[in-house]
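Chains as they are written, first to last, in our numbering: chain A, 2 to 242; chain B, 2 to 242. Here a beta-carbon is modelled for each residue, glycine too, at the ideal position from N, C-alpha and C. Computed from a predicted model, the values in this text were never measured in an experiment. Taking it in order: structure first as structure tokens, then the write-up.
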DNA sequence: CTAAGATTCAAACGAACGTTTAATTGACCA
DNA sequence: TGGTCAATTAAACGTTCGTTTGAATCTTAG
């Protein structure tokens, strides 16, 4: 009398109905409460499946979490790299501008955010949360999952900003990932800052459109130097250079 | 034969030795594993106190977490506002530059980072983690704790950037908080990006010195507009304006 | 010195957790 | 139609969690 209407037939093509329900529910609950605070009992109850189903289909709770991330992340990162390749090919032999590299980074995320069938805004929020989770298995999984994509984009930025030392570039990419994940993760966090129009929740799309110029300017910022203010900071810290 | 050497005398002045040991250990463990993943049993064992001591001295685990944050956060935010007041008074009647406002935001954090007796780098990392924690009581606590400080700085930035719409400013402050907390929280996160010199862990101080120019440039970024790239993004998303 | 209060202690509480088991159901092919 | 294997189910496993309890111990004031 429930959702047994789905006779998808073969069990060797794609995820089972049960697997899909678990993944969808896990995506929502992990996003809302985090990994530790989401119990398999509440998860399976919300999904309308048996408690043992998670362990049967995914092994452990940690493997379920990784499956939730992989399902969305792999296609998105592949899209990012394909788009970057296409843009680079079109611009050859010139190097890409930072603006276009950022575009290759953001557009697949925007596409995902606008597509409810692929998780929409919810998944991006989950991703942002995962980036800040201290659980070792999450950190390791993300670094493995992102390694090639990040390296590819870092190389592209390196060509676009040849004057920028490698180390400085690494840090600026780090700052970009920070602002991006924090922004994506922030369901209500922005209410801390913006007291006006507290119910006007911008979509992730508008949000990323505001974020891009901000990050672009940061990428092109001058190198830290011994300016007047820097000396004032040192003085305020009671130190000599 | 242990730490019983401290005869601080009165029990009405400052925290007990037991309370201090709990707070210090909690600061370290909450930073390393997060709130949920830190059990009171491991915490009290590491602190060398009885299991019941936390509930006796602080009430609940959540109240302990808030006490850990308050101990460092209150003085730091007070320092920030005092410094901002002093800088504004010195610049009057001119408005402060963004550079100096950022200085008032960063210098107290730098002072704290350089002072092991006040938590040093560890506490800043804990703070960054707390900002990304989905636990409702943490989010509410932080927003209450930061409300006045943020409002004060937002007003200062508003005077420094009179041309910037209020809403745009709110978002840029949001981005700043994101990059800041993500950066402070990242013990090993930067290894995702920087494959070179993986063991050369910059202190938070050097880190913030790299972050400040990046954020300053973002604050002064031009408003989002209908540039050529923007149209290309729309086209890539298959949409008309 | 002693009564009173603050603190520490070992022990136990009930609840919730992730995972496993063994039996049962369902679908498919020979 | 009967046999095979994947999927689901209810129940239980052992562990760990935050918190509470009541007695023991320490500190302090009268």
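Query	Result
Pick out whichever of B:217, B:20, B:81 has its Cα sitting closest to the Cα of residue 50 (chain B).	B:20
Whose Cβ in chain B lies nearer than 7 Å to the Cβ of residue 221 (chain A)?	218
With 9 Å set as the bound, which would you pick, yes or no: does the beta-carbon of residue 176 (chain A) sit closer than that to a beta-carbon of chain B?	yes
Can you find at least 3 beta carbon pairs, one from the stretch 73–91 of chain A and one from the stretch 101–108 of chain A, that sit closer than 8 Å?	yes
Does any residue of chain B have a CB that is nearer than 9 Å to the CB of residue 181 (chain A)?	yes
Applying the 10 Å Cβ sphere with the 16-neighbour rule, what's the burial state of residue 189 (chain B)?	For residue 189 (chain B), the pLDDT reaches just 49, beneath the cut-off of 50, and the residue's location in the model is therefore unreliable, although a value from the coordinates is still provided. Exposed, because fewer than 16 other Cβ atoms sit within 10 Å of the Cβ of residue 189 (chain B).
Hey, how far is the Cα of residue 72 (chain B) from the Cα of residue 31 (chain A)?	31 Å
Taking all protein chains shown into account, do 16 or more other C-beta atoms lie within 10 angstroms of the C-beta of residue 191 (chain A), making it buried, or fewer, making it exposed?	Because residue 191 (chain A) carries a pLDDT of 41, less than 50, the predicted location of this residue cannot be relied on, and the following value inherits that uncertainty. Residue 191 (chain A) comes out buried.
Taking Cβ-Cβ distances shorter than 8 Å, what residues in chain A pair up with residue 169 (chain B)?	211
Hey, how far is the Cα of residue 33 (chain B) from the Cα of residue 101 (chain A)?	37 Å
If we ignore side chains and look at the alpha-carbon of each, how far apart do residue 201 (chain B) and residue 183 (chain A) end up?	At residue 201 (chain B), the pLDDT of 44 sits below 50, so the modelled position is not reliable and the matter cannot be decided from this model.
So, does the CB of residue 214 (chain A) fall closer than 9 Å to a CB anywhere in chain B?	yes
Leaving out the 5 sequence neighbours to the left and right, which residues in its chain are closer than 6 Å to residue 39 (chain A) when beta-carbon positions are compared?	30, 31
Residue 173 (chain A) versus chain B: which residues are under 7 Å apart at the beta carbon?	215
Whole angstroms are fine: how far does the CA of residue 211 (chain B) sit from the CA of residue 169 (chain A)?	8 Å
Tell me whether the stretch 112–122 of chain B and the stretch 149–157 of chain B touch, counting them as touching only if at least three CB pairs, one residue from each stretch, are closer than 8 Å.	no
If the criterion is Cβ atoms closer than 9 Å, does the pair residue 53 (chain A) and residue 23 (chain A) meet it?	no
Got a sec? Which residues, its chain only, sit under 6 Å from residue 78 (chain B) by beta carbon, not counting five neighbours each side?	150
Rounded to the nearest angstrom, what separates residue 75 (chain B) and residue 146 (chain B) at their Cα positions?	8 Å
Between the Cα of residue 139 (chain B) and those of B:222, B:214, B:66, spot the shortest distance and give me the residue it belongs to.	B:66
Can you tell me which of B:57, B:18, B:113, B:96 puts its alpha carbon nearest to the alpha carbon of residue 80 (chain B)?	B:113
Looking at the unbroken alpha helix (DSSP H) that takes in residue 173 (chain A), where does it start and where does it end?	167–186
Would you say residue 224 (chain B) lies against chain A (beta-carbon separation less than 9 Å)?	yes
Report the three-state DSSP secondary structure of residue 34 (chain B) (helix, strand or coil).	helix
My understanding is that residue 26 (chain A) touches residue 44 (chain A), with C-beta atoms under 8 Å, so please give their C-beta distance in whole angstroms.	6 Å
Does residue 134 (chain B) get closer than 9 Å to chain A when you measure Cβ to Cβ?	yes
By Cβ distance, which residues of its chain are closer than 6 Å to residue 61 (chain B), with the 5 residues on each side in sequence left out?	none
In three-state DSSP terms, what is residue 96 (chain A)?	coil
What is the rounded straight-line gap between the Cα of residue 123 (chain A) and the Cα of residue 70 (chain A)?	12 Å
On the CB-based measure, 16 or more other CB atoms within 10 Å of its CB, does residue 132 (chain B) come out buried or exposed?	buried
Closer than 9 Å between beta carbons: that is the criterion. Which residues of the stretch 47–66 of chain B meet it against chain A?	none
Which same chain residues, not among the five before or five after residue 35 (chain B), have their C-beta less than 8 Å away from its C-beta?	130, 134
Beta-carbon of residue 194 (chain A) versus every beta-carbon of chain B: anything under 9 Å?	The pLDDT assigned to residue 194 (chain A) is 40, lower than 50, so where the model puts this residue is not dependable, and the model offers no usable value.
Starting from the C-beta of residue 193 (chain A), find all residues in its chain whose C-beta is less than 6 Å away, skip the five residues before and the five after it, and write them out in chain order.	Residue placement at residue 193 (chain A) is flagged as unreliable, the pLDDT there being 40, under the threshold of 50; the coordinate-derived value follows with that caveat. Taken in chain order, the list of residues that qualify is empty.
Is residue 35 (chain A) close to chain B, meaning its C-beta is less than 9 Å from at least one C-beta of that chain?	yes
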